[in-house]
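Numbering (the working numbering), first residue to last: 32 to 343.
Glycine included, C-beta positions come from ideal geometry on N, C-alpha and C.
As the structure is a prediction and not an experimental result, all values here were calculated from the model.
Here the structure is laid out as structure tokens; the discussion comes afterwards.
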Amino acid sequence: MDWSGGAPPELHFKDDEFTQKWGQNWGIPLYRWEAMRGNNFEWWRQRVRGVKRTFHLFRVDHVIGFYRIYAFPWRPARNKEFLRLDWNEMLARTNGRVPHFAPRDDSTLENCEANRREGEEYLRVVLEESGSTRVIGEDLGSVPDYIRPHLLSLGIAGFKIPQWEMQRKRVTRGTEYERLSVATYATHDHKPLRKLWEEAIEQATSTSNQSRHELNKIAEFAEFRPANRSINFGQDFHPAIMEALFKCESWIAVVMLTDLLRRKYRFNVPGTAASANWTRRLQRSVAELRSSWKERERMQLIRELLEKSGRV
Numbered sequence: 032m033d034w035s036g037g038a039p040p041e042l043h044f045k046d047d048e049f050t051q052k053w054g055q056n057w058g059i060p061l062y063r064w065e066a067m068r069g070n071n072f073e074w075w076r077q078r079v080r081g082v083k084r085t086f087h088l089f090r091v092d093h094v095i096g097f098y099r100i101y102a103f104p105w106r107p108a109r110n111k112e113f114l115r116l117d118w119n120e121m122l123a124r125t126n127g128r129v130p131h132f133a134p135r136d137d138s139t140l141e142n143c144e145a146n147r148r149e150g151e152e153y154l155r156v157v158l159e160e161s162g163s164t165r166v167i168g169e170d171l172g173s174v175p176d177y178i179r180p181h182l183l184s185l186g187i188a189g190f191k192i193p194q195w196e197m198q199r200k201r202v203t204r205g206t207e208y209e210r211l212s213v214a215t216y217a218t219h220d221h222k223p224l225r226k227l228w229e230e231a232i233e234q235a236t237s238t239s240n241q242s243r244h245e246l247n248k249i250a251e252f253a254e255f256r257p258a259n260r261s262i263n264f265g266q267d268f269h270p271a272i273m274e275a276l277f278k279c280e281s282w283i284a285v286v287m288l289t290d291l292l293r294r295k296y297r298f299n300v301p302g303t304a305a306s307a308n309w310t311r312r313l314q315r316s317v318a319e320l321r322s323s324w325k326e327r328e329r330m331q332l333i334r335e336l337l338e339k340s341g342r343v
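Structure (structure tokens):
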């Protein structure tokens, strides 16, 4: 039970030193799939039945973990202890155990095929139990080449984050997205658009270059080419990128609440136990938002863009 599930270091999250060096250590236990198989995966079946009593579609978090999961030989409470250690010092603390993919990595074709085969077995249980309830797989992070095509073959929609979708060194056009996908600029783990804008243009921070890079990719996706350099976030940039998202081919286009309201606070910094994680709440009640002429004006614009794209 001292193994802990998580994710390896990757390109997009650089807000935390430990995450950059070792990856994200979530503190979740590793599933004992062989034990679950013994009772026909009843634990998973119960979870799916519970979810579908309330929702007509649901998202499987870190669906990549159904194929293989990154395992740490220490719990998150010890992350600070390992932050300054090099590889050999880490080995001394863990008695030779190392962070690795379980049950196996994707370093060989044989391993990839075994992971794909086992992932299909587990996901078919979810699909079988979900019935007519639609399943979405959160397939973000370091994703092996075989996973996204395999999810599509199972009828599971994956995510499209426009600024991360690249083909031949260019941002993938929304017209090229698979229909069976969910498009969004951000999830709860990401900086809202307004925060990216602030860091890139208004207030220099240690991550300003990364924020500027992401905004440039979003602008490329939206084919946003302003006639002059005086660009207003609310009047110019935000409407243009919302329209581009709604016009893409994805089955569902999702706008995070903070992006809908043009707020800059973040819900979660991945791989950290920061005290602010998951504490954010709306600063105004729904009734107050509805009574604000400014918010009504913004929502009217969103509705017009949705109608223009044919999504309503």
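Query	Result
Buried/exposed call for T85, threshold 16 Cβ in 10 Å	exposed
Neighbourhood of L246 by C-beta, 6 Å cutoff - its chain only, sequence neighbours within 5 removed	L227 and A231
Beta-carbon contacts of S340 that lie in its chain and below 6 Å, excluding the five residues immediately before and after	F277 and K278
For P56, three-class secondary structure by DSSP	As written in the sequence, residue 56 is Asn, which differs from the Pro given in the question. Looking at N56 - three-state DSSP - the assignment turns out to be strand.
Candidates E254, K200 and F264: closest to L229 by CA position	Correcting the residue identity first, residue 229 is Glu in this sequence and not Leu. Of the listed residues, the one whose Cα sits closest to E229 is F264.
Pair within 8 Å by beta-carbon distance, R294 and P223	yes
T50 versus N110: straight-line alpha-carbon distance, rounded	10 Å
Cβ-based burial, L288 [other Cβ within 10 Å; buried from 16]	exposed
Simplified DSSP state of I187, which is helix, strand or coil	coil
Expected contact under 8 Å - CB spacing of Q55 and A38 to nearest Å	4 Å
Spatial distance of Y296 from R311 (CA atoms)	8 Å
A214, enclosing beta strand (DSSP E) - first and last residue	S212 to A214
Coarse secondary structure for L171, derived from DSSP in three states	coil
Beta carbon of E151 nearer than 8 Å to that of H131	no
Identity of the residue in Q314, F298, G302 and S35 nearest N308 by Cα	F298
Alpha helix (DSSP H) runs contained entirely in the segment 81-129, provided each spans 4 or more residues	110-114 and 118-125
Among V157, L320, S184 and A305, nearest to D46 - alpha-carbon criterion	A305
Three-pair Cβ contact test at 8 Å for the segment 102-121 versus the segment 188-198	no
Beta-carbon spacing of V91, E169 below 8 Å	yes
Nearest to V94 (by Cα), restricted to the options R124, P60, H87 and L154	L154
Cβ shell of V300 (< 7 Å), same chain only, five flanking positions each side left out	D46, D47 and N308
Uninterrupted alpha helix (DSSP H) stretches inside the segment 238-285 (no shorter than 4 residues)	239-252 and 269-278
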